[in-house]
Amino acid sequence: MKRSDINQIDDLLSSAAARMQEHDISGALDKLVQAYQIQPDNTLVLNMTGRCYQILGEFERAERCWEEALRLDPENNVAETNLKELRQPAFQFWLKRYKEALALLEKKKFSEAQELLRQLMEEHDEYVSLYQVLGLSYLAEGNRPEAHRVWRKGLEIDKQNSTLKKYLALPESRKKHLINEETSVQTQKRPIFTQRRLLILMGAICLVLLLQVHVLLSNQRQNAEYTEVLQQRIQQLTSMLDQQNQTPEETVPAAAVEEVSMEGSAYDTEQEEHYYRTGYQAYLDKDWQTAISNLGVVVSMQSGSYLNREALYYLARIHFLQKNYAEAEKYYLLYLESFPDSNYYDDSLFYLACTYHYTGRPQLARETLQRLTEWDPHSGYLSSSLYQSIMQQQ
116 MKRSDINQID DLLSSAAARM QEHDISGALD KLVQAYQIQP DNTLVLNMTG RCYQILGEFE
176 RAERCWEEAL RLDPENNVAE TNLKELRQPA FQFWLKRYKE ALALLEKKKF SEAQELLRQL
236 MEEHDEYVSL YQVLGLSYLA EGNRPEAHRV WRKGLEIDKQ NSTLKKYLAL PESRKKHLIN
296 EETSVQTQKR PIFTQRRLLI LMGAICLVLL LQVHVLLSNQ RQNAEYTEVL QQRIQQLTSM
356 LDQQNQTPEE TVPAAAVEEV SMEGSAYDTE QEEHYYRTGY QAYLDKDWQT AISNLGVVVS
416 MQSGSYLNRE ALYYLARIHF LQKNYAEAEK YYLLYLESFP DSNYYDDSLF YLACTYHYTG
476 RPQLARETLQ RLTEWDPHSG YLSSSLYQSI MQQQ
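Residue 116 is where the sequence shown starts when you use the working numbering, and the numbers rise one by one after that.
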């Protein structure tokens, strides 16, 4: 390598490190990409690039960077430690819930997505992508001030994030454009921006943005062509909606949330949500008894709802953490029976196997892990040290 190239890489690394200290993760990543193009086998470049991707919420890219760094240098402790943390069952569970939140957004179940994203932030609030998608969910319900507040919070982590800046600019610029259009035809003293038109606008913007969630997560630095296409789609959708002669009630489908239905009159969604929120907060605070009491009420409702499912899983989890393996086993089995093929199915199989392992039933533990392997051959739990230990027991 030329001496000039070495000096250039040193300068780029120094600049990247300084930008990371200044909370300019996107700027740091740009410098690291330049360094990688000069010397792709530089493990320091790979380690730092992986860290930037992790902060942005691009976990698969981060993992690939650290895998490559470890391949080049098997003694690379930084890459090894980062990969180990990324692949821990606890983080894999967090990541699974994060992907579920994205799926809820795509299905326009905004309230459920918000609830799950807020829970995720209680555990990890350092990833930019969380703020991107949480803001989208607020915007989808017409709550632009809250969306902007969340996006600005994300900019505190990555102050030059182009996606967040784009989100913050789009609603305002489009709003000003529509205000100018309506000013010329206004004949009475009345609000220029009616609630109906605002909700139409928000629905149009969010429809486009939500369709782009997965693309944005896989490529944080969108180019000029993407921005132009996005603007065109927003204009087209807004124009189409403006032409429709709809009632105010018909113009707010983006804010509608699917109501949970069940047989019987005793089910109360407000009560269920109240007990769940209280129980989950107690879980975060490690107030186990309060958590068990409140989550137990939600489980006993047997509504089959999203909150019912969450409560059942966390109830099993709490008993597992308390080493009350008999109760943990009971609730994990109930979860597997009640919610087959659901988002936490593999988590429940793994921790059920752990309860068998810790209570001296190795054969049942191996059989349960075999079920896990068959159900999801790519589960992150299969690379855990505990999985290997249980499966190797005789």
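All C-beta atoms, glycine included, are put in the ideal place defined by N, C-alpha and C.
Per DSSP, tyrosine 242 lies in no alpha helix (DSSP H) segment and is marked neither H nor E.
Excluding the 5 residues flanking it on each side, tyrosine 446 has same chain C-beta neighbours closer than 7 angstroms at Leu427, Leu430, Ala431 and His434, in chain order. Cβ atoms of glutamine 154 and valine 160 come within 8 angstroms of each other, at about 7 angstroms. Counting C-beta pairs closer than 8 angstroms gives three or more between the region 473–484 and the region 492–507, which meets the contact rule.
In this structure, the CA atom of threonine 393 is about 7 angstroms from the CA atom of alanine 406. Spatial neighbours of arginine 134 in its own chain (CB-CB distance under 6 angstroms, excluding positions within 5 residues in sequence) are listed in chain order as Gly142 and Ala143. Pairing isoleucine 140 with aspartate 273 gives a Cβ-Cβ distance under 9 angstroms.
Assignment of glutamate 387 by DSSP, reduced to helix, strand and coil, places it in the helix class.
With contacts defined by Cβ atoms closer than 9 angstroms, serine 420 and threonine 470 do not form a contacting pair.
Remark: three or more beta-carbon pairs, one from each stretch, lie closer than 8 angstroms, so the region 452–463 and the region 204–219 are flagged as touching. Apart from sequence neighbours up to five positions away, the residues of its chain that approach leucine 279 with a beta-carbon distance below 6 angstroms are Trp266, Gly269 and Leu270, ordered along the chain. Within the region 219–269, not a single complete beta strand (DSSP E) segment reaches 3 residues in length. An exposed status is given to tyrosine 473, since fewer than 16 other beta-carbon atoms sit within 10 Å of its beta-carbon. In the three-state DSSP reduction, glycine 142 falls in the helix class (H, G or I).
Distance from the CA of tyrosine 496 to the CA of proline 204, rounded to the nearest whole angstrom, comes to 6 angstroms.
When secondary structure is reduced to three states using DSSP, glycine 411 falls in the helix class. For a cut-off of 8 angstroms, the C-beta gap from leucine 487 to leucine 464 is around 4 angstroms, short enough to register as a contact. Leaving aside the five residues that flank asparagine 409 on each side, the residues in its chain whose CB is nearer than 6 angstroms to its CB run, in chain order, Tyr390, Thr393 and Gly394. Looking at Ser494, Gln417, Gln234 and Glu387, the one whose alpha-carbon comes closest to that of leucine 399 is Gln234. If you draw a straight line from the Cα of alanine 255 to the Cα of glutamate 173, it comes to about 23 angstroms. The DSSP-derived three-state label of asparagine 162 is helix.
Taking 9 angstroms as the cut-off, the Cβ atoms of alanine 284 and valine 248 do not count as close. Within 10 angstroms of the beta-carbon of isoleucine 121 lie fewer than 16 other beta-carbons, which makes it exposed. DSSP places glycine 495 in the helix class (H, G or I) of the three-state scheme. For glutamate 388, the closest of Leu231, Ser453, Arg481 and Asn439 by C-alpha to C-alpha distance is Leu231. In the DSSP assignment, isoleucine 272 falls outside any alpha helix (DSSP H), carrying neither H nor E. Leucine 451 and glutamate 444 have their alpha carbons spaced roughly 11 angstroms apart.
Look at glycine 394 here: in three-state DSSP terms it is helix. In terms of Cα proximity to lysine 401, the closest of Arg166, Glu238 and Leu127 is Glu238.
Here alanine 468 is buried. Its C-beta has 16 or more other C-beta atoms within 10 Å. When secondary structure is reduced to three states using DSSP, glutamine 152 falls in the helix class.
For tyrosine 459, there is no enclosing alpha helix (DSSP H), as DSSP marks it with neither H nor E. The Cβ atoms of valine 243 and asparagine 276 lie closer than 9 angstroms to each other.
Under the DSSP assignment, lysine 199 falls in the alpha helix (DSSP H) whose first and last residues are 192–201.
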